[in-house]
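Let me begin by presenting the structure, written as structure tokens, before commenting on it.
In the UniProt record's numbering, the protein residues as written are 1 to 157.
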């Protein structure tokens with residue numbers, strides 16, 4: 001199992017599909033996960049330190065966990081089946097709850113707990129970006145610095 005850090009969220013064109021990009025903290029592999037626009041917005045808001053006037057769903061879940069006297073200890077990305085990622089929330093007392101990786105990461109960022117990925121998931125979907133593509137990673141980071149939550153809103157809203 002490898003600890004991961006959130007590089008950020010970007011939108012894949014032309015489909016306008018948000019991608020969550022994670023990277024091993026002690027390795028070279030990246031893990032791209034296609035996610036929904038609501039979760040992308042929640043992750044981007046937290047990374048930018050934006051506090052909405054009213055709590056979003058992930059903020060509410062964080063508050064509920066605390067009110068119930070539980071503690072989220074970590075998030076695990078556990079499986080990849082037919083292009084769909086699976087994750088679990090690991091609470092004190094080794095209580096585990098199945099969750100989508102996007103929701104899990106949004107919650108992990110709010111609570112400040114580690115994110116881990118199973119080796120089997122990284123072996124199947126992990127990417128190593130060669131040194132000559134490092135400037136692309138830097139461009140991606142610059143993009144993340146310039147993106148706003150409004151960039152993730154769908155055309156219907």
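Yeah, the Cβ is synthetic: ideal placement off N, Cα and C, and Gly gets one too.
These figures come from a predicted structure and were not determined experimentally.
Using 8 Å as the threshold, is the C-beta distance between residue 97 and residue 43 below it? Along the chain shown, one-based indexing puts residue 97 at 97. Along the chain shown, one-based indexing puts residue 43 at 43. No, they are not a contact pair.
Which of the three DSSP states, helix, strand or coil, is assigned to residue 35? Along the chain shown, read from residue 1 onward, the residue named residue 35 stands at position 35. Coil at residue 35, not helix or strand.
Terminal residues of the continuous beta strand (DSSP E) containing residue 59? Taking the first residue of the chain shown as position 1, residue 59 is located at position 59. Here residue 59 belongs to no beta strand (DSSP E); instead the alpha helix (DSSP H) covers 57-67.
Enumerate in chain order the residues of its own chain whose CB-to-CB distance from residue 118 is below 8 Å, with the five nearest sequence positions on each side excluded. In the chain shown, the residue the question calls residue 118 occupies position 118. Same-chain partners within the cutoff: 1, 76, 77, 78 and 79.
Starting from the Cα of residue 58, find the closest Cα among 48, 26, 9 and 38 and give me that residue. For the purposes of this step, residue 58 is identified with residue 58 of the chain shown, where counting begins at 1. When each option's Cα is compared against that of residue 58, the closest is 38.
Span separating the alpha-carbon of residue 120 from that of residue 60: Sequence index remark: in the chain shown, residue 120 carries index 120 (1-based). Sequence index remark: in the chain shown, residue 60 carries index 60 (1-based). Roughly 32 Å between the two C-alpha positions.
Judging by CA-CA distance, which residue of 66, 34, 24 and 70 is the nearest neighbour of residue 93? The sequence position of residue 93 within the chain shown is 93, counting from 1. Out of 66, 34, 24 and 70, 70 has the C-alpha closest to the C-alpha of residue 93.
DSSP three-state label for residue 29, please. Numbered from its first residue, the chain shown carries residue 29 at position 29. Residue state, collapsed to three classes: strand.
Which same chain residues end up closer than 7 Å to residue 12 when comparing Cβ atoms and leaving out the 5 residues on each side of it in sequence? As a first step, residue 12 must be located in the chain shown, where it is residue number 12. The answer, listed in chain order, is 19.
Can you round the beta-carbon distance between residue 46 and residue 110 to whole angstroms, since I take them to be within the 8 Å contact cut? As a working mapping, residue 46 is identified with position 46 in the chain shown. As a working mapping, residue 110 is identified with position 110 in the chain shown. Contact annotation, residue 46 with residue 110: C-beta distance approximately 6 Å; criterion of less than 8 Å satisfied.
Return the bridge partner residues of residue 88 from the DSSP annotation. Your numbering for residue 88 matches position 88 in the chain shown. Per DSSP, 76 and 98.
Reference residue 48; option with closest CA among 102, 9, 85 and 17: As a working mapping, residue 48 is identified with position 48 in the chain shown. Of the listed residues, the one whose Cα sits closest to residue 48 is 9.
Quick check on residue 102: buried or exposed, where buried means 16 or more other Cβ atoms within 10 Å of its Cβ? One-based indexing of the chain shown puts residue 102 at position 102. Per the 10 Å Cβ criterion, buried.
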